[in-house]
Structure formats: structure tokens, C-alpha cells
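Colleague: Per my numbering, numbering through the sequence shown is continuous, rising by one, with the last residue being 323. Input: one structure, supplied below.
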Amino acid sequence: MTILNEINDQLSNEIDDLNAFLKKVTTTEIPLINTLSSHMIDSGGKRIRPIIVFLISKIMSNEKKVIESAAIIELIHAATLLHDDVVDQSDVRHNINTANKLWGNDSAVLVGDFLYSRAFELIVEINRERVYKILAETTNKISQGEVMQLMYKEKIIEDKEKYIEIVYLKTGKLFEASALVAMDIAGSSNHDWAKQFGKNFGIAYQLRNDYLDYFGDDNETGKNIAEDLSEGKSTLPLIHSYINSNTNDKSIIENIFNNKILSDTDKLREIFIKNGSDKYTLEAIDTYTQNAIDAVESNSSYEKALIDLTRYCSTRTR
């Protein structure tokens with residue numbers, strides 16, 4: 006049994022309640038909305054962000070508005086995935102056809118908008134000013150991150166710090182929000198550790214995705230190997246390798262990247278390994294993972310689960 010399975014067992018009641026609540030709040034009189042919403046909710050995601058809400062709520066001994074808060078985070082996440090898959094022209098996620106593949110881009114974008122708006126209706130119902138501010142800023146920053154990534158599409162980024170900024174905005178902010186919202190609904194004004202935990206957890210999580218895209222097993226990841234290459238995305242292994250390559254290897258990387266030559270993925274990996282980019286990426290994951298663990302405060306059994314979750318996500322194979 007994996008650590009994630011153990012945590013899911015520990016939180017089985019909360020996760021069941023969350024799934025039922027998500028189904029309830031996304032059911033409308035419009036069949037297409039119901040179908041696409043169900044597809045997203047049931048598509049095999051790990052529910053990592055809601056789990057963070059649940060664990061921090063338990064650390065803070067809070068049971069108020071927890072399911073609603075976790076649902077808000079998951080709805081925003083689902084909306085971003087719908088929009089991402091359209092922008093990236095993705096066909097598969099978690100070994101399942103994407104909504105845009107099955108129902109078209111128009112439907113995916115519009116139902117993504119519905120999920121966003123439904124999340125903000127729930128925010129109003131929670132009626133906490135701090136939560137308004139956290140999630141308004143978060144969705145704004147996610148959008149900025151998406152636009153920044155689009156600006157660099159089909160370009161090799163040569164600035165690692167710029168790439169980490171994109172990762173933080175696009176992925177880290179929602180993990181950060183998960184932790185901050187959990188603290189706020191518990192009535193805590195000490196948000197510093199939660200912010201640092203969520204930010205570092207989120208960056209480590211995305212860098213693990215970057216690593217798995219080139220060095221993972223597509224049967225486990227549920228995505229095609231080198232999908233980032235096919236979508237024209239620079240990620241940390243490629244950025245580090247390009248910066249540290251000799252002139253000849255830079256030309257090879259440029260040719261494979263610019264022409265999206267997926268058949269040369271093995272050659273690209275060879276260059277990455279020669280330049281130590283696989284190890285560099287793993288070391289970066291370890292650094293952000295440890296930063297997240299160091300941020301956690303408390304001595305409850307749920308603190309251990311939060312740390313275990315962090316370690317699991319930094320070494321996962323899917």
C-alpha cells in the first residue's frame with residue numbers, strides 16, 4: 006500500500022463527502038455541463054489539494070467549512086485542467102481521453118468557466134473575507150502563469166529562475182491557496198508556515214512532473230512520454246541541459262525541440278544525462294520538498310501525514 010493510499014484511508018470519510026458534494030454542486034439542468042463535470046470529477050485525479058485542506062484542518066482541529074473549502078479548490082483545479090488541455094491540445098490525461106478530445110474545445114472551455122463560477126459561488130457562501138482575497142489573487146496569478154507559459158511556447162527558456170516563477174504561478178499558487186484557506190477557515194492568523202509549505206510543495210510537485218515527462222513510464226504516468234516536447238514546452242531538465250551543453254549538443258537540442266522530433270527523445274535523454282540534468286532536477290525537487298517539510302508546524306499525527314504526503318509526491322511515479 007502506498008503512502009497516498011494510507012492517507013486516503015485515513016481521510017476516507019472526508020474524501021467520500023467531498024466527492025458527493027462535488028457531484029451535488031456541479032449537477033444542473035444542462036446535460037452537457039453534468040457530463041463534462043462528472044468526467045473531470047471522476048477522471049482519476051489524486052485529490053492532493055483537497056487532502057492538504059483536510060490535513061491542515063485536522064492539524065488545526067477545525068471541522069467547519071472544510072468540505073466546502075476543499076471543493077472550491079478542486080473546482081478551480083478542474084477548471085484550470087479543462088482550459089490547459091485546450092491550450093495544450095492534449096488528448097489524454099490519467100490514461101483517459103480529455104474533455105476537449107471527447108466533446109470539443111468549445112464545450113471544454115465553457116464548462117471550465119462554469120466550474121470557476123461555481124467555485125466562486127461557494128466562496129461567497131463561506132463568507133470569509135480572507136478566503137475571498139486568497140482565491141481571487143490565486144486565480145489571477147494562475148492566469149498570469151498560463152499567459153507567461155504561452156509566451157514561451159515553442160521557445161527554449163534559458164533562465165531557470167524565470168521558469169521557476171512560471172511554475173510557482175501556474176501550479177504552486179493553488180497548492181499555496183489550499184494551505185492558506187485551510188488555515189483561515191480554522192481561524193488562524195499565522196499563515197506564514199502554510200504559505201511556505203504550499204508554495205514549496207507545489208513547485209516540487211510540478212518539477213516531479215517535469216522529471217517524469219522524460220524519465221517516467223507512460224504506463225504509470227497516464228501521459229505520453231515527452232508530452233512537454235510535443236507541446237513545445239521548456240521544462241527544467243531541458244533548460245538545465247541546454248544551458249550546460251556544448252555548441253554541438255545545443256544544436257541537437259534546438260533541432261529536436263523546434264521540430265518536435267519525438268522519435269529522438271532517447272537522444273535528448275542521453276544529452277540530459279550527460280549534462281547531469283536528470284540529477285539536477287531531482288536535487289531541485291529534493292530542495293523544494295525539504296523546504297515544504299521544514300515549514301510544517303505541529304506535533305499531531307496529521308502533521309506526520311502531511312510530511313509523508315510531501316515525500317510521496319516528490320518520489321511518485323505517476
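Don't be surprised by glycine CBs; every beta carbon is placed ideally from N, CA and C.
So the alpha helix (DSSP H) V91 belongs to, where does it begin and stop?
Modeller: 71 to 93
Colleague: State the CB to CB distance for the pair I258 and S268, rounded to an integer number of angstroms; the pair is presumed to be in contact (CB under 8 Å).
Modeller: For a cut-off of 8 Å, the C-beta gap from I258 to S268 is around 15 Å, too long to register as a contact.
Colleague: L314 and I77 - do their beta-carbons sit closer together than 9 Å?
Modeller: No, the pair does not count as a contact, with Cβ atoms beyond the cut-off.
Colleague: To which residues of the same chain is S305 closer than 8 Å at the C-beta, ignoring the five residues directly before and after it?
Modeller: K63, I64
Colleague: Secondary structure at V186, three-state DSSP: helix, strand or coil?
Modeller: helix
Colleague: With DSSP run on the structure shown, which of helix, strand or coil describes V114?
Modeller: helix
Colleague: Is L155 buried or exposed, if buried means 16 or more other CB atoms sit within 10 Å of its CB?
Modeller: exposed
Colleague: Considering only DSSP beta bridges, list what R98 is partnered with.
Modeller: I101
Colleague: Buried or exposed: which applies to T103, given that a residue is buried once 16 or more other Cβ atoms fall within 10 Å of its Cβ?
Modeller: buried
Colleague: Below 9 Å between beta carbons: does that hold for I278 and K165?
Modeller: no
Colleague: Assign K29 to buried or exposed, taking buried as 16 or more other Cβ atoms, counted over all protein chains shown, within 10 Å of its Cβ.
Modeller: exposed
Colleague: Helix, strand or coil: which one does DSSP assign to V129?
Modeller: helix
Colleague: Which word fits D89, buried or exposed, when buried means at least 16 other C-beta atoms lie within 10 angstroms of its C-beta?
Modeller: With 16 or more other Cβ atoms inside 10 Å of its own Cβ, D89 counts as buried.
Colleague: Going by C-alpha to C-alpha distance, which of I248, I20, A191 sits closest to I162?
Modeller: I248
Colleague: Any idea what DSSP makes of E236, helix, strand or coil?
Modeller: coil
Colleague: Is it right to say P36 is buried, meaning 16 or more other beta carbons lie within 10 angstroms of its own, or is it exposed?
Modeller: exposed
Colleague: Give the secondary structure of Y317 by DSSP, where H, G and I count as helix, E and B as strand, and everything else as coil.
Modeller: helix
Colleague: Straight-line CA distance for D222 to I230?
Modeller: 7 Å
Colleague: Quick test of the definition: if touching needs 3 or more C-beta pairs under 8 Å, does the stretch 77 to 86 touch the stretch 139 to 156?
Modeller: By the Cβ criterion, the stretch 77 to 86 is in contact with the stretch 139 to 156, since at least three pairs of Cβ atoms, one from each stretch, lie closer than 8 Å.
Colleague: Would you report the Cα separation of E254 and N264, rounded to the nearest angstrom?
Modeller: Correcting the residue type first, residue 254 is Asp in the shown sequence and not Glu. Between the alpha carbons of D254 and N264 lies a distance of about 15 Å.
Colleague: Report back the beta-carbon spacing between K200 and A187 to the nearest angstrom; my notes put them in contact at under 8 Å.
Modeller: Not a contact, Cβ separation roughly 12 Å.
Colleague: Alpha carbon to alpha carbon, how far is E34 from Y285? Give it in angstroms, no decimals.
Modeller: Their Cα atoms are separated by approximately 51 Å.
Colleague: Using the rule of at least 16 other Cβ atoms within 10 Å of the residue's Cβ for burial, across every protein chain shown, is A141 buried or exposed?
Modeller: exposed
Colleague: DSSP on M65, reduced to helix/strand/coil?
Modeller: In the three-state DSSP reduction, M65 falls in the coil class, being neither helix nor strand.
Colleague: Identify whether V301 lies in helix, strand or coil by the three-state DSSP scheme.
Modeller: It is coil, neither helix nor strand.
Colleague: If the criterion is Cβ atoms closer than 9 Å, does the pair A191 and I312 meet it?
Modeller: no
Colleague: Rounded to the nearest angstrom, what separates K138 and K178 at their Cα positions?
Modeller: 13 Å
Colleague: Where do the N-terminal and C-terminal ends of the alpha helix (DSSP H) with N264 fall, by residue?
Modeller: 252 to 264
Colleague: Using a threshold of 9 Å, state whether the C-beta atoms of L273 and I290 are closer than that.
Modeller: no
Colleague: Leaving aside the five residues before and after G117 along the sequence, list all residues of the same chain whose C-beta is less than 7 Å from its C-beta, in chain order.
Modeller: A84, L87, H88
Colleague: If you compare alpha carbons, which of R52, A124, V91 is closest to K106?
Modeller: V91
Colleague: From the beta carbon of Q154, is the nearest beta carbon of chain C less than 9 Å away?
Modeller: In the structure shown, chain C does not exist; there is a single protein chain.
Colleague: Quick check on DSSP: helix, strand or coil for A25?
Modeller: helix
Colleague: Leaving out five residues on either side along the sequence, give the residues of the same chain with a beta carbon under 7 Å from the beta carbon of A297.
Modeller: F202, N205, F206, A209, T315
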